[in-house]
Amino acid sequence: MAKPKTSATAVERRAEELDTIAAVLPIERRDELAELLTDHDVETLRHLVNQGMGDNTLRALTSDLAYLEAWGLAATRQSLPWPAPEALLLKFVAHHLWDPEKRAADPDHGMPADVDDSLRSQGFLKSVGPHAPATVRRRLANWSTLSKWRGLDGAFASPSVKSAIRLAVRAVPRTRGRKSAKAVTSDVLAKLLATCATDSLRDLRDRAILMVAFASGGRRRGEIAGLRREQLTVEPPIPVEGGSPLPSLAIHLGRTKTSSGDEDDVVYLTGRPVDALNAWMVAAKIDSGSVFRAIGRWGTVSRRAIDPQSVNAIIKQRVEMAALEPGEFSAHGLRSGYLTETANRGIPLPEAMEQSRHRSVQQASSYYNHATRRSGRAARLL
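Take 3 as the starting number for the sequence shown in the working numbering and just add one per residue.
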């Protein structure tokens with residue numbers, strides 16, 4: 003369902019306002035969002051930017067807000083009401099958490115065909131089947147957050163909404179998939195690095211991205227994309243018995259997914275990753291600002307940082323060049339690969355977490371233990 007006609011002037015104004023926050027909130031679909039979001043939506047996003055909310059959180063809020071507005075228009079023929087009534091929240095759950103077997107017998111079960119078609123035509127729906135429960139919960143949580151930032155309350159905590167989600171999840175259990183089907187362990191990383199063998203700017207950059215992301219504890223793609231020269235400090239070389247000292251760098255992470263930036267979270271690079279990073283920065287003449295940047299067709303280095311999606315695209319491109327299956331690896335595979343590799347090498351979990359900066363032992367061990375469980379003693383009691 004198309005949104006009611008909006009004046010070109012209003013759309014252009016919203017596009018310009020979205021442009022003013024693009025440096026903090028990268029927006030690839032600015033023109034589409036300007037058409038879809040309301041003036042109040044854009045004002046809310048500008049307010050969140052001014053509050054200093056993290057880039058990743060802002061991207062998720064914007065993406066979910068755009069989806070919710072598109073769904074609301076398709077499902078009700080109107081923009082989202084603020085605050086959201088309980089009936090609309092229940093409709094959202096019913097449209098996104100449904101039973102495929104029941105849908106086969108009853109076409110009216112789940113998301114209506116016209117709503118589905120509308121969302122797919124706009125690129126908001128791609129996969130077939132019900133949403134993952136975690137996605138539905140996240141979108142409802144962000145819907146609630148946006149309502150609170152507008153000074154409004156919704157029915158998000160109502161017993162009926164919670165019960166609807168719980169019953170829907172129980173009725174259609176699903177196994178949560180990994181963000182990257184396979185971990186980028188050292189053997190896989192070696193194959194990817196082998197595709198970066200020349201001294202071209204692109205090879206130097208991609209080699210540095212791969213080595214820095216892995217060796218610094220499996221940094222998230224947003225942290226790699228947002229890395230700035232000012233976050234790097236040179237540390238004293240690491241002595242090596244019978245060999246030359248190894249170069250050392252500290253990366254001051256600042257605000258991350260799990261930290262506010264108030265504390266100085268630091269991770270370290272030693273040896274080859276430092277050499278790879280320095281080689282890229284020297285070749286690209288980067289002495290300040292964003293470290294990892296786009297490279298133009300004629301070999302010109304952009305002044306702006308690459309976006310997190312580009313980091314993922316680079317990983318997949320290198321995977322394909324290494325004759326591996328791109329669908330099995332993603333940027334997150336570097337994070338899981340780092341912890342898997344530390345387990346393979348017998349590095350204690352607390353030491354690995356110091357570099358990965360995981361706050362939760364449970365979350366870190368979900369990667370760490372996977373590497374040794376199949377061959378460990380606990381699996382071979384008989």
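The beta carbon of each residue, even a glycine, is placed where N, CA and C say it ideally should be.
- Ranking L82, D101 and L148 by CA distance to the CA of A62 puts L148 first.
- The alpha helix (DSSP H) runs lying completely inside the stretch 79 to 114 and spanning 4 residues or more are 88 to 98 and 102 to 107, given in chain order.
- Annotation for V321: the continuous alpha helix (DSSP H) segment containing it runs P310 to M323.
- Contact check for T197 against R299 fails: the beta carbons are separated by 9 Å or more.
- Shown here, A68 sits in a helix according to DSSP, grouped into three states.
- For the pair S129 and A76, the CB atoms are not nearer than the 9 Å cut-off.
- Residue state for R152 is assigned as coil, using DSSP reduced to three classes.
- Taking each of P102, E343, G301 and T342 in turn and checking the Cα distance to R207, the smallest one comes out for G301.
- The DSSP-derived three-state label of A166 is helix.
- When beta bridges are read from the DSSP output, A252 appears opposite T235 and Y270.
- In the pairwise beta carbon analysis, the stretch 213 to 220 is classified as touching the stretch 271 to 281: at least three pairs are separated by under 8 Å.
- Here the alpha carbon of P161 sits roughly 49 Å from the alpha carbon of L234.
- For R223, the three-state secondary structure derived from DSSP is helix.
- Between A281 and R305, the alpha-carbon positions lie close to 18 Å from each other.
- Proximity of the stretch 106 to 123 to the stretch 153 to 173 falls short of the contact definition, fewer than three beta-carbon pairs being nearer than 8 Å.
- In the structure shown, I211 falls within a helical segment according to DSSP collapsed to helix, strand and coil.
- Listed in chain order, the non-local C-beta contacts of Q80 below 8 Å within the same chain comprise G74, local neighbours out to five positions each way being set aside.
- Three or more beta-carbon pairs separated by less than 8 Å are not found between the stretch 229 to 245 and the stretch 317 to 335, which leaves the two stretches without contact.
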